[in-house]
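Undergrad: First to last, the sequence lines map onto chains A, B and C.
With positions in the first sequence counted from 1, the corresponding number in our numbering is that position plus 15.
Oh and the second sequence: position 405 is 389 in our numbering, straight run, nothing missing.
With positions in the third sequence counted from 1, the corresponding number in our numbering is that position plus 15.
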Amino acid sequence: MTSADARPFRVLVTKIGLDGHDRGSRIVAAYLRDAGMEVIYTPPWQTISGVVKLAMEEDVDIIGVSSLATDHLIVPKMMTALREEGLDHVRVVVGGIVPDEEKDVLLSAGVSRIFGPGAARDEIVDFVAALGRQSRSDRIDEFSEVNS
Amino acid sequence: MTQMAVQLPLPGFEQAQGEWRSQYSRQVREERPIRNRSGIEIQPLYSQRDWSGERYLDDLGFPGQFPYTRGIYPSMHRGRTWTQRQLIGLGTPEDYNKRVRRIIDAGATAISLLPCCSGFRGIDCDEVDPVLLGTCGTVINTTDHMDRALDGVPVGEISTAMNDPSPFTLLAFTLGVARRRGVDWSRVTGTSNQSDYLSHFIANHQFFRLSLPGSRRVLLDHIEFCRRHVPNWNPVSVVGQHMQQAGATPAETMGFTLSTAIQYAEDCIARGMDIDDVLRRFTFFFDISISFFEEIAKFRAGRRIWARIARDRLGAKDPACWRFKFHGQTSGVDLTRQQPLNNIARVSIQAMTGILSGLQSLHTDAYDEAIACPSEETARVAVATQNILREEARLCDVIDPLGGSYYVEWLTDQMEAEIESVIAKIDAAGGMYTAAEVGLVQTMIGESALSFQEQVDSGERKIVGVNCYLIDEDSTVPPADRPDPDAMLRHVERFKAFKRERSQEQVARALDALARAANSTNENTFEKVVEAVEVGVTHGEVIGCLRRELGFGHPLIVA
Amino acid sequence: MEALLKRLRAGDSRTIARAITIMEAGGSAAANLHRVLLPSTGNALTVGFTGPPGAGKSTLIDAFVAELRKNGRTVAVVAVDPSSPFSGGAVLGDRIRMGRHTEDPGVFIRSVASRGHLGGLNESIQLIVDVLDVAGRDVIVIETVGAGQSEVEIVEVADVRIVVNAPGLGDDVQAIKAGVLEIANILVVNKADLPLAARTVRQLRSMLALRRESGRNVPVIETAANSERGIAELLKAALDLAPQTPPERHARRRARVRRLLAEAAAIDARRRIIGRSDEAFIATLARVEAGELSVEGAIRTLAAHPELRSAASMQTSGSEQDEPAT
């Protein structure tokens, strides 16, 4: 086990699409920080390409997308963009209001889970931590040589 | 500052109270202190020991008399009911027009328009994925769009609120429409009800338009322009809604909002404007939470404090300036996704709270607000709620009916103290603008929000259907009302065609003039915005230009 | 490894990010990678910004980066924020204030949490800076929140050390702590359009005049980030401090490596002494306690006698150890 694995999980908390309400995502950011994670927090109205660039530069393990109205409809596009940049290992959760008949679209696009507005703190934190572990074990460690 | 009640000698009073207390303790053996959202501890009973009314004239006054605690006008709702101003916003201008015509036919004299979020972001409809357009507001990017949205709407007779932050392009479009229809601008009435840029930066919602100093500049230009050319328009609405929705307590919200009003007033004075001329057109916009008595006390205290600030601190001479005029919106933050029909009950209580608080205009949320934009049916229930409160519960019969209640007067005094301590804190930080810059306000709000959430998480603060009285419910989220995608695509195509066909030369010149004004110290940027939209400059182009010249809006603080 | 280095030198974002992750974590992996990279370092100009909250640092950096881009330079920004001492987590929000650059591949932004390093943070930052240097970024900006001693250490890493002030922040220049002012080679008065700005500038200039190294020519530059005033001047002042010739560049790099070694040695020595529990060491401790040996004498004694390693002293670097039970 390399020292890299003892690192705190790095989580991007963001909003793509047009909704501007971010009270929920700030609270989730605080939850994750208090659970020992490093949260890179963005304001609303990020573009997909901006998010992908950020995820790449910050070497994040997980992305949490806060979504209202129809914002979730562009999440599959984000999943595709992440894959195209070789960020498959990054796990994605969506939090907010998603109509039931549209949940499957997100899950089949690779979103790990959709949290409704009433989700409990422990549930969120534990799940994100589990995703972090999955993300770490999935990543291709190109620098493995330096660990020898 | 209101004084505490004087102890009155009342024979037998102490003994009777003592007896009540001991009987109460026998029935209620152990209880934890009960605090309202602003942190004030609430006792089980209040009496004339807590408020006895000798300072009636100083602290309350009659309705329409300084300090206006009981109401800003002599006859209040009994003389003229509050204005019903329901928010509408969905889809294309034609979608908006259909809905707004219906409420006008039903007798509405005031309308509101909620623009699409793309508008808040400061971009046009051709710059965004079409699947996101028009889901929470109407897409209006040009004067033509506004003309179509207001087709058949008597612009000179109906009061409008555009929910449009700096640089107020929607008002510019409306003025353009008025000009086309031969309606003199002095007949255009309404409010720039999202002109409070500080609340946007603080509650981190709409800052993406212009930098903080840029927003400050444009607001002052806007106020000056309106005073001169649109004299019956309210260019300033100081907004408490965003901060309360972001988690500020009711007392904090009122404190921050009044501090913001002070800041804007001082900015106007610094610019050489006449305080009486300007302050008379200041209005306020608040969320109404379900904390019934607390909200009523908040607004009564707010009226009292504002009257004293306007007259004594800001030096306004005209009594019209001392009156705290406000629009209230029932708070969507209290509504739940779980068991949505419960929200009808919640909205009724919030609406009643607002009416008993003495508001001037009211918007009631639809019960599915927590999920999506309201449908026609749910919007109808929201309006019926107001009608029932007026016609059946007859809440308009008596002005300030809770006045004189020991609890309500005591709580009003307590809220006043809390609110004033917030104002003092902001004063000590150098005023609201500086406090926002250094993040003081945001930090306070963040702490309150987290504290509230912790209370909900622990079950200490109960929300029916969320952490108590849960049912094994079908957590289906019904599909939201969405605009017709084909109609929206056609709208976008038509817009692109419009941009191609207008005079590019005139557009370039207008944007140039706008840019020059932004870089000058004595030209009026809003005047140039109004001129620019006349030649077909779009919403996104106006904002893009001002962003380049006045600076990009940055969020000020995170968590 | 060759392929990796090639991608790094070509500026591949993903490789850069991964390399930074290794450096953040520290330990032998970071040391090994750094060894390989070090010979290629020394081309980038490092610019550190610090200053009290409310000085408008982030807006200034955003404008500075925009100016660099206008001048055709590639940029990297390392934004450092403190980790929570209780949970070890952090909310890293500095990059959100560089909203203009979110899509520009010429601006690489990385948010770094202090991770409770006690005195080892600047080592991490140095390693990260070296990755970005090898990746070909012309200018590397380091941003720290002005909060204590650590800000001095972080900014010391940089060639250009900018302390940002603003008028009206409490008792004007009181906000500048001693130590920070000592290391600054450019002082900025931001929000220069405010009425008290001139006074702040005067106060700074008189403080500079009182400094021991009176030969130092530290410019005081007035900026108003929102109107882009003074930004071009700031850029020029920063570029003027760049090493101009290869010998200068090598001298800078040598100085940095020396400092790196000194810091690593200090951390190592501290760790060893805290971690030692062998008999010889305890005996020395006892002698100091009894007043038979001075602290200075004890250090000389210990240096002369290499200790028997205890298991505890073989931990990886970057973590502080508690006093073991004696």
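Note that CB positions come from ideal geometry on N, CA and C, so glycine has one too.
Quick caveat: nothing in here was measured; it's all calculated off a predicted structure.
#1: Starting from the Cα of B:S273, find the closest Cα among B:R378, B:G520 and B:G338 and give me that residue.
#2: Cβ of C:G104 less than 7 Å from any chain A Cβ?
#3: Is it the case that the Cβ atoms of B:L473 and B:P77 are separated by a distance below 7 Å?
#4: Mind checking the stretch 61 to 72 of chain C against chain B and listing, in chain order, the residues whose C-beta falls within less than 9 Å of any C-beta there?
#5: For A:F130, count neighbouring Cβ atoms within 10 angstroms of its own Cβ and tell me buried if that reaches 16, exposed if not.
#6: Under the rule that 16 or more other beta-carbon atoms within 10 Å means buried, what is B:P219, buried or exposed?
#7: Just the Cα atoms here: how many angstroms apart are B:F50 and B:G103?
#8: Taking only three categories from DSSP, how would you classify C:V156?
#9: Could you spell out where the beta strand (DSSP E) holding A:G110 opens and where it closes?
#10: For C:V204 and C:A181, which I take to be in contact (beta-carbon distance under 8 Å), what is that distance rounded to the nearest angstrom?
#11: For chain C, check one thing: does any of its Cβ atoms lie closer than 7 Å to the Cβ of A:T57?
#12: Can you pull the chain A neighbours of C:G108, defined as C-beta to C-beta under 7 Å?
#13: If distances are taken between C-alpha atoms only, which option among B:R21, B:I26 and B:S22 comes closest to B:E15?
#14: Could you tell me which whole alpha helix (DSSP H) segments of length 4 or greater appear in the stretch 287 to 352 of chain B?
#15: Give, in chain order, every unbroken run of the alpha helix (DSSP H) that is at least 4 residues long and sits entirely within the stretch 419 to 507 of chain B.
#16: For the pair the stretch 116 to 125 of chain A and the stretch 137 to 154 of chain A, tell me if three or more CB-CB distances fall below 8 Å.
#17: Please decide whether A:S81 counts as near chain C, where near means a Cβ-Cβ distance under 7 Å.
#18: Residues in the stretch 411 to 429 of chain B with C-beta within 8 Å of chain C's C-beta atoms, listed in sequence order?
#19: For C:E248, would you say it is in contact with chain D, using Cβ-to-Cβ distances shorter than 7 Å as the test?
#20: Identify which residue in B:R292, B:G91, B:L74 and B:N81 has its Cα closest to the Cα of B:P99.
#21: Would you list the one or two residues that DSSP bridges to B:D271?
#22: According to DSSP, is C:R363 part of a helix, a strand, or is it coil?
#23: If you drop the 5 nearest sequence neighbours on each side, which residues of the same chain put their C-beta closer than 6 Å to that of C:R152?
#24: In chain order, what are the residue ranges of uninterrupted alpha helix (DSSP H) at least 4 long that sit wholly in the stretch 64 to 118 of chain A?
#25: Just to confirm my understanding: we take A:G51, look at its own chain, exclude 5 residues before and 5 after, and list those with CB closer than 7 Å. What are they?
#26: Cβ of B:F536 less than 7 Å from any chain C Cβ?
#27: Would A:S64 count as contacting chain C if we go by Cβ distances under 7 Å?
#28: So, is B:T527 buried or exposed, given that buried needs 16 or more other C-beta atoms within 10 angstroms?
#29: Should B:L319 and B:W66 be called a contact, given that it needs their Cβ atoms to be closer than 7 Å?
#30: Flag this pair as yes or no: are the beta carbons of C:V178 and C:T65 separated by less than 7 Å?
#31: Just the Cα atoms here: how many angstroms apart are C:A40 and C:P97?
#32: For the beta strand (DSSP E) holding B:E236, just list the boundary residues, first then last.
#33: Hey, how far is the Cα of B:R86 from the Cα of B:R132?
#34: Residues in the same chain with beta-carbon distance under 8 Å from C:L361, minus the five sequence neighbours each way, listed in chain order, please.
#35: Within its chain, find whatever has a CB closer than 6 Å to the CB of B:F276; leave out the 5 residues flanking it on each side and keep chain order.
#36: Helix, strand or coil for A:R22? Go by DSSP, reduced to three states.
TA: By the coordinates alone:
#1: Comparing Cα positions, the closest option is B:G338.
#2: C:G104 has a beta carbon lying within less than 7 Å of a beta carbon in chain A.
#3: In this structure, B:P77 does not lie closer than 7 Å to B:L473 by Cβ.
#4: Listed by position, the residues of the stretch 61 to 72 of chain C near chain B (Cβ gap below 9 Å) are P68, G69 and G71.
#5: Looking at its Cβ environment, which holds 16 or more other Cβ atoms inside 10 Å, A:F130 is buried.
#6: Its Cβ being crowded by 16 or more others within 10 Å, B:P219 is buried.
#7: Computed Cα separation, rounded: 40 Å.
#8: Strand.
#9: For A:G110, the enclosing beta strand (DSSP E) stretches over residues R106 to G111.
#10: Indeed they touch by this definition, with Cβ atoms about 7 Å apart.
#11: At least one chain C Cβ lies under 7 Å of A:T57.
#12: The contacting residues are Y56.
#13: If you compare the alpha carbons of B:R21, B:I26 and B:S22 with that of B:E15, the shortest gap goes to B:I26.
#14: Qualifying alpha helix (DSSP H) stretches, in chain order: 326 to 340.
#15: Entirely contained in the stretch 419 to 507 of chain B, the alpha helix (DSSP H) runs reaching 4 residues are, in chain order, 424 to 442, 469 to 485 and 488 to 503.
#16: The stretch 116 to 125 of chain A vs the stretch 137 to 154 of chain A: no contact.
#17: No - not a single Cβ of chain C is within 7 Å of the one on A:S81.
#18: Flagged, chain order: G414, T418, E421, V422 and G423.
#19: In the structure shown, chain D does not exist; the protein chains are A, B and C.
#20: Comparing Cα positions, the closest option is B:L74.
#21: Answer is B:Q313.
#22: Because chain C is modelled from 16 through 341, residue 363 of chain C falls outside the range shown and cannot be assessed.
#23: Excluding positions up to five away in sequence, the list reads A59, T89 and A91.
#24: DSSP runs (the alpha helix (DSSP H)) wholly in the stretch 64 to 118 of chain A: 90 to 99.
#25: The beta carbon of A:G51 sits closer than 7 Å to those of P23, all from its chain and outside the five residues before and after it, given in chain order.
#26: At a cut-off of 7 Å between beta-carbon atoms, B:F536 makes contact with chain C.
#27: With 7 Å as the cut-off, A:S64 counts as an interface residue toward chain C.
#28: One detail in the question is off: residue 527 of chain B reads as Ile in this sequence, not Thr. Classification for B:I527: buried.
#29: No. Outside cutoff.
#30: Going by C-beta atoms, C:V178 is nearer than 7 Å to C:T65.
#31: Going from the Cα of C:A40 to the Cα of C:P97 covers about 16 Å.
#32: Segment P234 to A254 is the alpha helix (DSSP H) holding B:E236; no beta strand (DSSP E) there.
#33: When rounded, the separation of the alpha-carbon atoms in B:R86 and B:R132 is 15 Å.
#34: This structure does not reach residue 361 of chain C, given that chain C is present from 16 up to 341, and the question cannot be answered.
#35: Correct list, in chain order: T337.
#36: Secondary structure at A:R22: coil, using DSSP grouped into helix, strand and coil.
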